[in-house]
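Asker: Okay, so the sequence shown: first residue is 2 according to our numbering, each after it adds one.
We put the beta carbon where it would ideally sit given N, CA and C, even for glycine.
None of these values were measured; they are calculated from a predicted model.
Take this structure first; my questions come after.
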Amino acid sequence: MIDGAEELWVKTEIKPKILAAITVHYSNLGKDLQDGYHITATGAKDSTSVAEQPKQMSAAFVKAAKQVDALVAALPLSDGGEEAQLKRIAELQAENDAVGQELQKQLEAAEKELKQVQELFNQATDNCLNLKKPE
């Protein structure tokens with residue numbers, strides 16, 4: 002759930018900007034309405050049902066507003082605010098560092114083992130080719 006400050010921010014900052022953008026989009030259709038055209042969902046002009054245009058625009062506006070509300074409701078929760086988020090980030094960084102150190106140790110061990118295997122392989126090939134007498 003969004004806390005009061007975040008909800009206020011969304012209501013005062015985000016939602017008005019989105020609604021303003023939608024309003025601008027629909028106001029740009031005014032010229033076509035004055036010319037007697039109906040704009041279809043695909044953007045094509047259709048001279049039929051000019052009286053239905055305001056109803057369709059209102060319905061589209063309400064639908065867009067509901068979608069904005071749904072998107073706002075889907076925002077990730079921030080229980081505890083910024084302090085809790087910073088604490089969680091620090092925990093994740095510490096976990097990442099620990100995993101990185103373990104992976105580095107495993108890499109060093111694998112490189113050491115590879116070097117040993119390469120030395121044994123070289124010894125075996127030398128022995129097979131009789132370039133070096135077995136010890």
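Are the Cβ atoms of Ile19 and Val63 separated by less than 8 Å?
Answerer: The answer is no: Cβ separation not under 8 Å.
Asker: Rounded to a whole number of angstroms, what is the C-alpha to C-alpha distance between Leu115 and Gln124?
Answerer: Roughly 14 Å separates the two Cα atoms.
Asker: Taking the alpha-carbon positions, what's the Gln119 to Glu112 distance?
Answerer: Their Cα atoms are separated by approximately 10 Å.
Asker: For Asn128, which three-state DSSP category applies?
Answerer: Reduced to three states, the DSSP call for Asn128 is helix.
Asker: Look at the alpha carbon of Lys67 and the alpha carbon of Ala52, and state the distance between them as a whole number of angstroms.
Answerer: Rounded to whole angstroms, Lys67 to Ala52 spans 24 Å at the Cα level.
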